[in-house]
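Heads up, the thing below is written out as structure tokens.
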């Protein structure tokens, strides 16, 4: 609505490039405004989760007979691999670790930190056990002691052993544990044919012998485990 001379005077400061830039900035600002109204959130937030799982104590035989290699690479190492796989499926539950030979020792109290439980499981070594032998009764007693009496969570003990019990009466303890509502799962590790037991000897490998100098062959104690 202006003649040519007046229009050029009024639009002297107009530049098409600046006009498009302002339009683009306005569009971007509008987009950020809409995004801000949506209130997006990111990062980490600590939240307490309350739930009821089960309490599982794993009792692992760490006697020297578990070094037998009828189960490759050895009974003990194979048991550790299988237990690690089991722990991967126990998220949301508490797990404890007990190692036993002639006596039983708590390696890890009940915890929901399964990665920590795996670390304690990995360091179990027959040569680090203070008392040699195999006492399944003691293993069950120590495992049961980890449970809280007033806790209503389901309780289970998973016992992995080759079944060569040398001391105690495991059947009586197993029965008393079942009487209070606990579940006992026994996993036999070994073969009926058995194998010799390797022993470290001056940097080389020897095999365990009895008092008469004969090689000791360790076999799966199937009869005890099935009772």
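Numbering (this note's numbering), first residue to last: 1 to 227. Glycine residues also receive a C-beta, built at the ideal position from the N, C-alpha and C atoms. Fair warning: this is a prediction, and the values are worked out from it, not measured in the lab.
- Taking C-beta atoms as the reference points, residue 60 and residue 197 fail to come closer than 8 Å.
- At a cut-off of 4 residues, the continuous stretches assigned as alpha helix (DSSP H) that sit fully inside the segment 67-115 are 75-87.
- According to the DSSP assignment, residue 61 belongs to the beta strand (DSSP E) that extends over 54-61.
- Taken in chain order, the whole beta strand (DSSP E) runs of length 3 or more contained in the segment 162-222 are 183-188, 198-201, 204-207.
- A direct Cα-to-Cα measurement between residue 181 and residue 117 gives close to 24 Å.
- Residue 28 and residue 43 have their C-alpha atoms roughly 25 Å apart.
- For residue 145, the uninterrupted alpha helix (DSSP H) run begins and ends at 136-145, by DSSP.
- For residue 155, the secondary structure class from DSSP, reduced to helix, strand or coil, is strand.
- Taking 8 Å as the cut-off, the beta carbon of residue 190 is found no closer than this to the beta carbon of residue 58.
- Taking C-alpha positions only, residue 193 is separated from residue 172 by approximately 28 Å.
- Annotation for residue 183: 156 place their beta carbon closer than 6 Å to its own, counting only its chain and skipping 5 residues before and after.
- It is roughly 22 Å from the alpha-carbon of residue 111 to the alpha-carbon of residue 103.
- By alpha-carbon distance to residue 88, the top candidate from 106, 31, 113 is 113.
- For a cut-off of 8 Å, the C-beta gap from residue 220 to residue 163 is around 6 Å, short enough to register as a contact.
- Cβ atoms of residue 177 and residue 144 come within 8 Å of each other, at about 5 Å.
- Residue environment analysis places residue 126 among the buried positions, since at least 16 neighbouring C-beta atoms fall within 10 angstroms of its C-beta.
- Around the beta carbon of residue 41, fewer than 16 other beta carbons lie within 10 angstroms, which makes this residue exposed.
- Between residue 195 and residue 53, the alpha-carbon positions lie close to 39 Å from each other.
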